[in-house]
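Read in my numbering, the sequence shown has 4 at position 3, and its numbers run on one by one without any break. All C-beta atoms, glycine included, are put in the ideal place defined by N, C-alpha and C. As the structure is a prediction and not an experimental result, all values here were calculated from the model. Report on the following structure.
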Amino acid sequence: MSTLKVAGFLEHSTVNGEGFRSVLFLSGCLHHCPGCHNPEMQSFEYGDDVPINVILAKIKKNLPLIDGITLSGGDPFEQATSLILLLKEVKALGLSIWAYTGYTYEQLLQEPKFKPMLELTDVLVDGPFIKALKTDTKKYVGSSNQRIFKLLNGQIEKELFFS
Numbered sequence: 002m003s004t005l006k007v008a009g010f011l012e013h014s015t016v017n018g019e020g021f022r023s024v025l026f027l028s029g030c031l032h033h034c035p036g037c038h039n040p041e042m043q044s045f046e047y048g049d050d051v052p053i054n055v056i057l058a059k060i061k062k063n064l065p066l067i068d069g070i071t072l073s074g075g076d077p078f079e080q081a082t083s084l085i086l087l088l089k090e091v092k093a094l095g096l097s098i099w100a101y102t103g104y105t106y107e108q109l110l111q112e113p114k115f116k117p118m119l120e121l122t123d124v125l126v127d128g129p130f131i132k133a134l135k136t137d138t139k140k141y142v143g144s145s146n147q148r149i150f151k152l153l154n155g156q157i158e159k160e161l162f163f164s
C-alpha cells in the first residue's frame with residue numbers, strides 16, 4: 002500500500018474550508034513563502050510515512066460528522082501522484098475535497114502530473130501566501146491574492162467568495 006508523508010491530521014475543523022472537515026497536513030513545499038503559517042511542514046522529511054489505508058480509516062472514523070476533507074501542508078500537490086488513491090476513496094464516501102496550494106491554478110494546469118488531482122478536487126485555494134497582502138477579512142485564505150475556485154472535473158466552475 003502506498004504511503005504519504007504526513008505532517009499532521011485534524012479530526013475536525015471549521016476553519017480549513019466550508020463545513021465540518023477533517024484536515025490532512027502533508028509534508029513538502031517548494032514555495033517557501035515568507036511568513037508561512039506552517040514553515041516546519043515545508044521540509045519533505047518532516048512528519049511520518051503513513052499508509053493510505055490508515056489515513057482513510059481516520060477519515061471514516063469521522064463519518065457521518067464531516068462534510069469532507071481539506072488537504073493542506075506543506076503543499077499537497079507535491080505529493081499529487083501518491084494522493085490519487087486516497088482521493089478516489091474519499092470521493093467514493095461522498096465527501097468533498099478542498100486543497101490548499103501555493104501554486105496558481107494556471108501553474109497547476111501546466112504540469113501534467115497535477116491533472117488527476119485537480120480532477121478530484123472540489124474546491125481549490127490557490128496562490129502563494131504573500132505577507133504584505135495578509136488578510137483577516139477574506140475567509141479561508143491567508144493573503145488577498147489567494148483565490149478560491151469551485152472545480153468540476155479539474156475545470157473552474159466559478160470563483161467563490163466568503164466573508
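- Simplified DSSP state of residue 52, which is helix, strand or coil: strand
- Query: Where are the alpha helix (DSSP H) runs, 4 residues long or more, that stay fully inside the segment 40 to 91, in chain order?
  - Reply: 53 to 62
- Task: Check the DSSP bridge columns for residue 156 and list the partner residues they point to.
- Result: 153
- Task: Compare the beta carbon distance of residue 130 and residue 37 with 8 angstroms and say whether it is the shorter of the two.
- Result: yes
- Message: Taking the beta carbon of residue 115 as the centre, do at least 16 other beta carbons fall within 10 Å, making it buried, or is it exposed?
- Response: buried
- Query: Would residue 125 pass as a contact of residue 86 if the rule is Cβ separation under 8 angstroms?
  - Reply: no
- Task: Pull up the DSSP beta-bridge partners for residue 126, would you.
- Result: 101 and 149
- Any heavy atom of the ligand FMN closer than 7 angstroms to the Cβ of residue 78? The ligand FMN is not among the ligands present in this structure, which contains no ligands whatsoever.
- Message: Quick check on the DSSP output: the alpha helix (DSSP H) that includes residue 116 runs from which residue to which?
- Response: 116 to 121
- What are the boundary residues of the beta strand (DSSP E) that includes residue 12? 4 to 14
- Query: Should residue 143 and residue 32 be called a contact, given that it needs their Cβ atoms to be closer than 8 angstroms?
  - Reply: no
- Could you spell out the range, first to last residue, of the beta strand (DSSP E) harbouring residue 25? 22 to 27
- Near residue 146, which residues of its chain fall below 8 angstroms by C-beta distance, leaving aside the five closest residues on each side in sequence? Cβ within range, chain order: 128, 129, 131 and 134.
- Answer yes or no: do residue 69 and residue 44 have a C-beta to C-beta separation smaller than 8 angstroms? Not a contact, by the Cβ cut-off of 8 angstroms.
- Query: Are the beta-carbon atoms belonging to residue 74 and residue 14 less than 8 angstroms from one another?
  - Reply: no
- Three-way DSSP call (helix, strand, coil) for residue 135 in this model: Note: residue 135 maps to strand in three-state DSSP.
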